[in-house]
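Using the UniProt record's numbering, read the sequence shown as starting at 1 and increasing by one per residue. Glycine included, each C-beta is placed from N, C-alpha and C at the ideal position. Written out below as structure tokens is the structure these notes cover.
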Amino acid sequence: MTTNLWFLLDFDMTLDNNSSSSYSPITKTNVTECHPDLFLLNSTSRELFPIIEYDICPDTYVSFSIMLVFVILYGVMIAVAGVGLIWKRHSGHIMARNLGHLFTIMISGFLFVFMFCIRIVIGRKIFPCAVYSLCFFVSGPVVTMPTTCRCLKLFFEYRLNLFKMKLFGDESSFKVQQSFVATSMNLSTKETQEGGEKELGAISNKNHQVSDVTKIDSSQSTSSSSISNLFKSTSAGQCSDLVDEDLLPMKKLATPRELRILKFFQFMVSYKFVAVAFIAIFLLQIAIWLIVGSADEIVYAVKGERSLVASGFFEFRHGCIVTYSVLIIILVEAIVHISLEVVALILCFISDRDTWNIKKETLVAVICQIFAITGFVVAGYIPIVATLTDYFVPYLLSLVGYIALDVIICVLLPIFYAIRAEYLLERKDMTLSDSSVEIVLKHKKAYPIMLDFARRSYCPEAVLCWSDIQRFKKTVNKEKRKEMAQFIIDTYVTISSPLEINIPNIAKTHQELNEKLKANQVVVDMFQQIEIFCIQDLNEVLHRLSASNKFIASLIETR
Numbered sequence: 001m002t003t004n005l006w007f008l009l010d011f012d013m014t015l016d017n018n019s020s021s022s023y024s025p026i027t028k029t030n031v032t033e034c035h036p037d038l039f040l041l042n043s044t045s046r047e048l049f050p051i052i053e054y055d056i057c058p059d060t061y062v063s064f065s066i067m068l069v070f071v072i073l074y075g076v077m078i079a080v081a082g083v084g085l086i087w088k089r090h091s092g093h094i095m096a097r098n099l100g101h102l103f104t105i106m107i108s109g110f111l112f113v114f115m116f117c118i119r120i121v122i123g124r125k126i127f128p129c130a131v132y133s134l135c136f137f138v139s140g141p142v143v144t145m146p147t148t149c150r151c152l153k154l155f156f157e158y159r160l161n162l163f164k165m166k167l168f169g170d171e172s173s174f175k176v177q178q179s180f181v182a183t184s185m186n187l188s189t190k191e192t193q194e195g196g197e198k199e200l201g202a203i204s205n206k207n208h209q210v211s212d213v214t215k216i217d218s219s220q221s222t223s224s225s226s227i228s229n230l231f232k233s234t235s236a237g238q239c240s241d242l243v244d245e246d247l248l249p250m251k252k253l254a255t256p257r258e259l260r261i262l263k264f265f266q267f268m269v270s271y272k273f274v275a276v277a278f279i280a281i282f283l284l285q286i287a288i289w290l291i292v293g294s295a296d297e298i299v300y301a302v303k304g305e306r307s308l309v310a311s312g313f314f315e316f317r318h319g320c321i322v323t324y325s326v327l328i329i330i331l332v333e334a335i336v337h338i339s340l341e342v343v344a345l346i347l348c349f350i351s352d353r354d355t356w357n358i359k360k361e362t363l364v365a366v367i368c369q370i371f372a373i374t375g376f377v378v379a380g381y382i383p384i385v386a387t388l389t390d391y392f393v394p395y396l397l398s399l400v401g402y403i404a405l406d407v408i409i410c411v412l413l414p415i416f417y418a419i420r421a422e423y424l425l426e427r428k429d430m431t432l433s434d435s436s437v438e439i440v441l442k443h444k445k446a447y448p449i450m451l452d453f454a455r456r457s458y459c460p461e462a463v464l465c466w467s468d469i470q471r472f473k474k475t476v477n478k479e480k481r482k483e484m485a486q487f488i489i490d491t492y493v494t495i496s497s498p499l500e501i502n503i504p505n506i507a508k509t510h511q512e513l514n515e516k517l518k519a520n521q522v523v524v525d526m527f528q529q530i531e532i533f534c535i536q537d538l539n540e541v542l543h544r545l546s547a548s549n550k551f552i553a554s555l556i557e558t559r
């Protein structure tokens, strides 16, 4: 009671001095500045006798209510997002973003938001100082890591699928296809021809995987260099009339070096990389926190004073505030994490535009992040905010609000996209027939458009597998057919293979096909079920492609 009266007396003396001179609405301790209004709130104050304790100003029920409502709503949103992700985990929108990736980011963000919000809810003077200081040290990664990992995933998805196309793609076969198309222009209308050429030109310029397909010389398509590489995933119907099968070398599996590169890309786009990155960064931040805290304790033991946290980094009995020295350390760390994020953003910019809107979501989230960080930093330098309004509306809301907004943009919206796509398919019966998929795959101009769209959708495997199966069916030489069958099994129907397709019971299918191969039962319809699966798997891809490509849409309608 004596301590309380002393603080009240000290506060009254401060007001008297201010009234006799120029008025300054600040009450000070050695490290804290508190606005006098915080001591005159009566019913809205959380303290019966408002005092400055542990260098912390008196708190209010207003900030308590705001943060309590926010953390409850945020918890509900996380629960809804979690249920939605599990519900739509097989949707293309969710699979393209990686379920494990989304959950890892959501959990780390939730822990950060929960800790900072619960500090206000239970009281700044009660929340353990050690936990509070640790939260500050991990705040940089929590804010920047989601965007960094998302950009890296986008870039390595781009590189992974580009690498798949390099190993198993159709670069030279496109030349042969277009050469063949040039001799059969009378089969299409002039409008359809122009539309197809425009689309192919765009693909050529953007991806550098196809030469100038609209103006290729026919002699190039029959040159020895083109023929020697034609076997890379070329549709049989597109090349069987052009080249003798006996002149084509058999397709080879990727070399060990190529497989290592492929495995690296696959790791970088998996949830394992995100989990490892988050765990490593958080362990590093905890280690830095321990080192800085230990140094502060050593200085305190030698000099008898603390320069970073008045209560000590490892104080669990009561709350505290951090000094400007700690903020400078955290600022330096934040600059490092922001620099990494900028590098990841540059990689994101040079990647192809995906078909799932991931790149757009990332850019929108980055813009929101810039506003949030700027608002937080600027608010911290405004005296009235730090000494008064923060105890009514905590300016930390700018950061935790951004984390919540990031979940809305990058998790809830993709769930909504998946639900909407499924609803439209059921309501309008827009599911395309298998014959429509085959029409596009067998069309000389539409095939490369379909393949490019599948690549940017991160699923070129089905197109390439279908193409190789057509080649297998057109192969007359028994030895080459057997080699081709072995290649298809090893490449597409083997667990963890370079282009593993998402077929059910793949291990059982692999075993059955190998048994047929060993028994020399290499018949034409050996891969019929896999071909059907590939066509059905491409149904959704074709639906999205036809909605964005007039040439493909007109091709389907005219047939």
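- Residue pairing of Thr-60 in beta bridges, as defined by DSSP: Ser-45.
- Of all C-beta pairs linking the stretch 439-447 to the stretch 515-525, fewer than three are shorter than 8 Å, placing the two stretches out of contact.
- Taking 9 Å as the cut-off, the beta carbon of Ser-139 is found closer than this to the beta carbon of Phe-112.
- The residues Phe-273, in chain order, have a CB closer than 8 Å to that of Phe-267 in the same chain once the five nearest residues on each side in sequence are set aside.
- Contact check for Leu-513 against Glu-461 fails: the beta carbons are separated by 9 Å or more.
- Asp-490 has its alpha-carbon roughly 30 Å from the corresponding atom of His-543.
- Annotated three-state conformation of Glu-305 is coil, per DSSP.
- Between Phe-314 and Ala-130, the C-beta gap is smaller than 9 Å, which places the two residues in contact.
- Secondary structure at Cys-320: coil, using DSSP grouped into helix, strand and coil.
- Fewer than three pairs of CB atoms, one per stretch, sit closer than 8 Å, so the stretch 141-159 makes no contact with the stretch 300-308.
- Put simply, the stretch 332-343 does not touch the stretch 379-386. Fewer than three CB pairs are less than 8 Å apart.
- Within the same chain, Cβ atoms closer than 7 Å to the Cβ of Ile-120 are found at Ser-63, Phe-64, Met-67 and Pro-394, the five residues on either side in sequence being excluded.
- According to DSSP, Glu-53 shares a beta bridge with Ile-56.
- Taking Ser-325 as reference, the option from Asp-296, Phe-371 and Leu-259 with the minimal CA-CA separation is Asp-296.
- For Phe-371, the closest of Gly-401, Gly-123, Ala-287 and Val-269 by C-alpha to C-alpha distance is Gly-401.
- Collapsing the DSSP output to three states places Ile-495 in coil.
- In terms of Cα proximity to Glu-157, the closest of Val-142, Ile-118 and Ser-270 is Ser-270.
- Val-476 sits in coil when the DSSP states are folded into three classes, being neither helix nor strand.
- Under the 10 Å beta carbon count, Asn-549 is surrounded by 16 or more other beta carbons and is classified as buried.
- Listed in chain order, the non-local C-beta contacts of Asn-98 below 8 Å within the same chain comprise Lys-153, Val-269, Ser-270, Tyr-271 and Val-274, local neighbours out to five positions each way being set aside.
- For the pair Ala-421 and Trp-289, the Cα-to-Cα distance works out to about 46 Å.
- Sixteen is the threshold: since fewer than 16 other Cβ atoms of the shown chains lie within 10 Å of the Cβ of Ile-86, the residue is exposed.
- As the crow flies, the alpha-carbon of His-93 is around 13 Å from that of His-101.
- Around the beta carbon of Gln-511, fewer than 16 other beta carbons lie within 10 angstroms, which makes this residue exposed.
- Under the three-state reduction of DSSP, Asp-352 is assigned to coil, being neither helix nor strand.
- Taking the C-beta atoms as reference points, Leu-441 is found no nearer than 9 Å to Ile-358.
- Residue environment analysis places Thr-374 among the exposed positions, since fewer than 16 neighbouring C-beta atoms fall within 10 angstroms of its C-beta.
- A direct Cα-to-Cα measurement between Ile-501 and Phe-527 gives close to 13 Å.
- Ranked by Cα distance from Leu-545, the first of Phe-39, Phe-453 and Ser-133 is Phe-453.
- Between Leu-388 and Leu-38, the C-beta gap is smaller than 9 Å, which places the two residues in contact.
- In terms of CA proximity to Ile-439, Ser-554 leads the group Ser-554, Cys-57 and Met-145.
- Annotation for Asp-525: no alpha helix (DSSP H) segment contains it, and DSSP assigns it neither H nor E.
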